[in-house]
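These notes concern the structure reproduced below.
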Amino acid sequence: MGELRFVHAADLHLGRLFSGLERTTPELGRIFRRAHSESWERIVREAVARKVDFVTLAGDVFDASNPGVRARVDYRDGVNRLHEAGIPVFVVLGNHDPLATFPESLRNLSGQHLFGTEPEGIRPSSVEYTDGVMVFGVSFPKTVVRDNLVNKFRRDPGLDLAIGLVHANVSGMGGHRNYAPCTMDDLRAAGMDVWCLGHVHSRTVLSRNPLVLYPGASQGAHINEPGPHGCDLVTVNHGGMIGTEFLPVAPVRWESVHVDVTGFKSVEDVMDAVEAGSSNLADRDESVRAIVVRFNLVGRGAPEVMRELENRDELSDILSDRLSVLPVPVFPESVRDMTLPWIDLESAMDEDGFLADFLKLCSETADDPVALQHLIEQVQRELLTKVSPGYLSQDLKLRAAAESDCVWRNLLDHARNLTVKAFTDPTTDATE
Ligand SMILES: [Mn+2]
Numbered sequence: 000m001g002e003l004r005f006v007h008a009a010d011l012h013l014g015r016l017f018s019g020l021e022r023t024t025p026e027l028g029r030i031f032r033r034a035h036s037e038s039w040e041r042i043v044r045e046a047v048a049r050k051v052d053f054v055t056l057a058g059d060v061f062d063a064s065n066p067g068v069r070a071r072v073d074y075r076d077g078v079n080r081l082h083e084a085g086i087p088v089f090v091v092l093g094n095h096d097p098l099a100t101f102p103e104s105l106r107n108l109s110g111q112h113l114f115g116t117e118p119e120g121i122r123p124s125s126v127e128y129t130d131g132v133m134v135f136g137v138s139f140p141k142t143v144v145r146d147n148l149v150n151k152f153r154r155d156p157g158l159d160l161a162i163g164l165v166h167a168n169v170s171g172m173g174g175h176r177n178y179a180p181c182t183m184d185d186l187r188a189a190g191m192d193v194w195c196l197g198h199v200h201s202r203t204v205l206s207r208n209p210l211v212l213y214p215g216a217s218q219g220a221h222i223n224e225p226g227p228h229g230c231d232l233v234t235v236n237h238g239g240m241i242g243t244e245f246l247p248v249a250p251v252r253w254e255s256v257h258v259d260v261t262g263f264k265s266v267e268d269v270m271d272a273v274e275a276g277s278s279n280l281a282d283r284d285e286s287v288r289a290i291v292v293r294f295n296l297v298g299r300g301a302p303e304v305m306r307e308l309e310n311r312d313e314l315s316d317i318l319s320d321r322l323s324v325l326p327v328p329v330f331p332e333s334v335r336d337m338t339l340p341w342i343d344l345e346s347a348m349d350e351d352g353f354l355a356d357f358l359k360l361c362s363e364t365a366d367d368p369v370a371l372q373h374l375i376e377q378v379q380r381e382l383l384t385k386v387s388p389g390y391l392s393q394d395l396k397l398r399a400a401a402e403s404d405c406v407w408r409n410l411l412d413h414a415r416n417l418t419v420k421a422f423t424d425p426t427t428d429a430t431e
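Right under this line is the structure:
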């Protein structure tokens, strides 16, 4: 077998719009509206420029099961460009774009192989020695798939290279709906050399041999999908060695930035610090055209400064104006007050009254494993019934959180600080 290279991408979510980014300039608005499509255009450009043997897409190509015209046209244009360059596309569908409702007009595009709802193996016609290489895939028939799809895959004997393509949740990865669940053992048992997966939106390499790869969503969609996003270039060399390289393509980057406001005398100082913290965020990533940032104010701010910062809308407007002219424009997603209360918590605890009782309760709960566990269970129960797991912050990804009391202590501290600030008047309790 000669050297083989292909691009693997997943979770393009074409047609998805960012919510909450309406208050921006027309230029940034256009970048935001086009971000998901542009990430797909760049995947196509990378594949053509690198003359890869084929492209694989592992589900959630579209954000909606009935995608709009623009998303359909953008997808079709990409497949056409690849076809003109002699690069076939292998596609399986996921929970956002299951086969039952996949647009008729896109089912039989030239150069596209759309897998059905039973696993099958296809030999890429573009690859030399095609007999030795097969791509196996299966699509979601409908949105909710509780079956183990990976168990149905079987490698054909005599193949040099078997690639499995599926939208699935391996080992109940936190923060994602448990569709098409499977385990690492299931993946190994199927005998594939490479598993090209989709569903988990942050890039994750679960194993090198066999290569088990989630490339992540090609464009992060919100603050809990931060950092670079893109696709992977998978290479199989003459000796059968398999490697993969991440290619960043997302034009919009999400980031959280901590700004320590301790010692600042004015809101102007805070603005300058925020601007300084925004200017080098995309230093080494030339694919980024705009950055959306959540600013977390930390430390202990002077009461008069913090009071002025309470007008978040005005603050966001000013930041928006100042940061949109940076070389890589920055848009403030929000400004969060994570600062410490103005009062001294230790001495407040020694006094009488509601605040002291509240502080004692917080402190006792943090120190008592049973009480902390009780609180964790209560919070998780509330969150799980009301919030989609994708929107929970990294700290609340339940698997990690359950194993780490430290995460919960930090959250408890944060809740305590917010409550104390709500109950204390900075103008009378100013201690600085
Ligand atoms: Mn997805």
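Residue 0 is where the sequence shown starts when you use numbering that gives the first Met the number 0, and the numbers rise one by one after that.
Idealized CB from N, CA, C, for every residue including glycine.
Given the structure is predicted, the values throughout are model-derived calculations rather than measurements.
Check: Residue range of the unbroken alpha helix (DSSP H) whose run includes residue 349; Outcome: That residue, residue 349, is in no alpha helix (DSSP H); it is neither H nor E in DSSP.
Check: Supposed contact pair residue 359 and residue 301 - C-beta distance, whole angstroms, cut 8 Å; Outcome: About 27 Å; that fails the 8 Å criterion.
Check: Residues of its chain near residue 331, where Cβ-Cβ distance is below 7 Å and the 5 sequence neighbours each way are ignored; Outcome: 292, 294, 315, 318, 319 and 322
Check: Test item: CB-CB of residue 248 and residue 229 under 8 Å; Outcome: yes
Check: Length-filtered (4 minimum) alpha helix (DSSP H) runs lying within the stretch 284-341; Outcome: 302-307 and 311-322
Check: Heavy atom of ligand 1 within 7 Å of residue 12 beta-carbon; Outcome: yes
Check: Contact check, residue 58 vs residue 262, beta carbons under 8 Å; Outcome: no
Check: Residue 198: CB within 7 Å of a non-hydrogen atom of ligand 1; Outcome: yes
Check: Residue 237, enclosing alpha helix (DSSP H) - first and last residue; Outcome: Unbroken run through residue 237: none, as it is neither H nor E.
Check: Own chain partners of residue 46 with C-beta closer than 7 Å, once the 5 adjacent residues on each side are dropped; Outcome: 6, 54, 81 and 86
Check: Contact set for residue 120: own chain, Cβ-Cβ below 8 Å, skip 5 residues either direction; Outcome: 133, 134, 135, 155 and 161
Check: Cα-Cα separation between residue 398 and residue 341, rounded to whole angstroms; Outcome: Unreliable positioning characterises residue 398 in this predicted model, as indicated by a pLDDT of 49, which lies under 50. The coordinate reading is nonetheless provided below. Rounded to whole angstroms, residue 398 to residue 341 spans 34 Å at the Cα level.
Check: Neighbourhood of residue 11 by C-beta, 6 Å cutoff - its chain only, sequence neighbours within 5 removed; Outcome: 39, 60 and 217
Check: Counted within 10 angstroms of its Cβ, other Cβ atoms place residue 377 as buried (16 or more) or exposed; Outcome: exposed
Check: Contained beta strand (DSSP E) runs [length at least 3] in the stretch 80-163, N- to C-terminal order; Outcome: 88-91, 111-113, 119-121 and 132-136
Check: Where residue 248 falls: helix, strand or coil (DSSP); Outcome: coil
Check: Own chain residues within Cβ distance below 7 Å of residue 65, not counting five before or after; Outcome: 100
Check: 8 Å Cβ cutoff met for residue 407 and residue 371; Outcome: yes
Check: Straight-line gap, residue 299 to residue 289 (C-alpha atoms, nearest Å); Outcome: 30 Å
Check: Residue 196 in three-state terms, based on DSSP; Outcome: strand
Check: Straight-line Cα distance separating residue 252 from residue 279; Outcome: 13 Å
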